[in-house]
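Take 95 as the starting number for the sequence shown in this note's numbering and just add one per residue. Virtual Cβ for every residue (Gly too), placed ideally from N, Cα, C. Worksheet for the structure shown next.
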Amino acid sequence: RPPSAMRPTAVLAALALPLAAAFSPSAPSLLAGRRPALSTFAGRSAARVAPCMVSKEGIEAKAQLLKVISDGDGKTVTGEMQIDALMATLSKEGTKFDRKVADGDWALVFERDGKNSPTLQKASAAKQRPGTAFANFESEKGEFLNVAQLFGGKGVLKATVAFSEVDGKDTRISCDIVDASIKLWKLPTLPLPLRAKGGWLDFVYLDDELRITKGNRGGTFVHVRPSRVAELFPVAL
């Protein structure tokens, strides 16, 4: 094959690998742009599950948390303190990881990076718009799909993460990246040699429409069902 025939793939790989290297198992996004159609991702709705039992205090904390996030106050000092307090309240609800409840599509609406979060993840946090990154669970397969947009929606980076429950810690799952790919513009989808083991994700709170998690690299993430995004952020979308 002549060298010229390899150039598009070589260029794509050169762009992709530095980005993919920062895509930790527990991180749901790198760079975000406009929100694409859900069919770009898992294209599935969560199976209907029985509503989780939550106390009155928990219900109020959940509503307040989503309000602080939707109002855009989560990046202020006061907002961060509120979020910490509300998450602490929700953590007392005693919820744990449940495959049935976690199953389906989840849109990222809030992210706080930790000290050890990937550099690109930190750089993207300020620009990220709610509902433009996804972490979609396929519980029967023991996998979830992390999806991040690149270059203002002109590219999509995907990483498949295999998960399993951790003995003795009912709020934690182990996370290993087992597959990854990138698609830029109209170029073919390119598989990436990205694999990573040893990550984990702690579920601070989980019900059928909200999940709060903390990753092994210190990040905190709040996801909601995609159907809630337009309601919470009508202007942003």
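What is the C-beta distance between residue i and residue j, in whole angstroms, given that I count them as a contact (C-beta under 8 Å)?
i    : j    : result
P239 : T226 : As written in the sequence, residue 239 is Leu, which differs from the Pro given in the question. Actually they are not in contact, since the Cβ atoms of L239 and T226 sit about 15 Å apart, beyond 8 Å.
L244 : L278 : 7 Å
V298 : I306 : 4 Å
Could you spell out where the beta strand (DSSP E) holding residue i opens and where it closes?
i    : result
L202 : A201 to R206
A155 : From DSSP, A155 is part of no beta strand (DSSP E) but of the alpha helix (DSSP H) over K150 to S164.
R266 : K263 to L278
S258 : G249 to V260
If I measure Cβ to Cβ from residue i and keep anything under 7 Å in the same chain, skipping five residues before and after, which residues do I get?
i    : result
S275 : K252, T283, L284, P285 and L286
E151 : T183
L160 : L326
Please go through the same chain and pick out, in chain order, the residues whose beta-carbon is closer than 8 Å to the beta-carbon of residue i, but skip the five residues on each side of it.
i    : result
G168 : V162, E174, I177, F204 and R206
S149 : E187
Nearest to residue i by CA position, among the options, is which residue?
i    : options                   : result
K156 : R311, L300, S321 and K308 : L300
W200 : E187, M181, K190 and A242 : A242
P320 : G262, G198, G293 and G292 : G198
A196 : E232, K186 and G188       : E232
L180 : K194, T189, T170 and E154 : E154
K194 : E234, D165 and E259       : E234
T314 : A324, R322, D296 and P328 : D296
V264 : F191, G166 and Q158       : Before going on, a small fix: residue 264 reads as Asp here, not Val. Ranking the options by Cα distance to D264, first place goes to F191.
S258 : M147, W294 and G309       : W294
G166 : S185, M147, P224 and A324 : P224
G249 : S268, D261, L281 and D273 : L281
S185 : V316, A324, L288 and P328 : V316
N310 : S268, G262 and M147       : S268
According to the neighbour-count rule (16 or more other Cβ atoms, all chains shown, within 10 Å of its Cβ), is residue i buried or exposed?
i    : result
A229 : buried
D302 : buried
E187 : buried
R266 : buried
Skipping 5 residues on each side, what residues in its chain have a beta carbon closer than 6 Å to that of residue i?
i    : result
E237 : T254 and A256
K291 : D270
Identify the continuous alpha helix (DSSP H) that holds residue i and give its terminal residues.
i    : result
V171 : V171 to S185
A196 : R193 to A196
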